[in-house]
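Student:
In the working numbering, the protein residues as written are 805 to 981.
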């Protein structure tokens, strides 16, 4: 099955300053200009089905690109940072052993959140389900973490290397699953 993974456009929060993942962060004022570029990247393709994360930054891009009825799936949400969501990284680093987390993020869950393995398991579950339905080609509006988990699942790189391969905002990443 051919899968086209679309990362949402840029958002109001700076992920280098504030921790966000599963938080429903809105898009920037530059949304239409960014979304137009993405729309052109997928405009000449047809898909068996179209899916989106239920988070507004992905849904808005799906709508703009002509897919207002994209199927929302919770498994496509970004990484859940639990108690860290919307807190400044400098505050988290002061209170928690963040170095330990990023060293062991594959299996260690963030307090109240998930591990990278948890995220990848839900991504693989989603992809297997769509493949079992016999889809030839699907379009998925989602997040950088979801894209990296899918790419690791098909052998583009290891899960340990996922943070090194974050796709750009508004990008389209094709994989074969």
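Even glycine gets a Cβ: it sits at the ideal position worked out from N, Cα and C.
Would the region 955-970 and the region 874-890 be scored as touching if the rule is three or more Cβ pairs under 8 Å?
Tutor: Judged by Cβ distances under 8 Å, the region 955-970 makes no contact with the region 874-890, as fewer than three pairs qualify.
Student: Relative to the C-alpha of residue 876, which residue among 848, 886, 948, 865 is closest?
Tutor: Among 848, 886, 948, 865, the Cα nearest to that of residue 876 belongs to 865.
Student: By the 10 Å Cβ neighbour count, where 16 or more other Cβ atoms means buried, how is residue 950 classified, buried or exposed?
Tutor: Burial call: buried.
Student: Among 859, 941, 846, 965, which one has its Cα closest to the Cα of residue 908?
Tutor: Comparing Cα-Cα distances from residue 908 to each of 859, 941, 846, 965, the minimum goes to 965.
Student: If you draw a straight line from the C-alpha of residue 936 to the C-alpha of residue 928, how long is it?
Tutor: Going by the C-alpha atoms only, they are around 12 Å apart.
Student: Does the beta-carbon distance from residue 974 to residue 838 come in below 7 Å?
Tutor: Yes, the Cβ-Cβ distance between residue 974 and residue 838 is below 7 Å.
Student: Alpha carbon to alpha carbon, what distance is there between residue 918 and residue 826?
Tutor: Distance between the alpha carbons of residue 826 and residue 918 is about 10 Å.
Student: Looking only at DSSP bridge pairs, what is residue 853 linked to?
Tutor: BP columns for residue 853 point to 942.
Student: Report back the beta-carbon spacing between residue 868 and residue 854 to the nearest angstrom; my notes put them in contact at under 8 Å.
Tutor: The pair is not a contact, with the Cβ atoms about 13 Å apart (cut-off 8 Å).
Student: Can you name the residues that DSSP bridges to residue 977?
Tutor: BP columns for residue 977 point to 809.
Student: Whole angstroms are fine: how far does the CA of residue 886 sit from the CA of residue 824?
Tutor: In a straight line, the C-alpha of residue 824 is about 9 Å away from that of residue 886.
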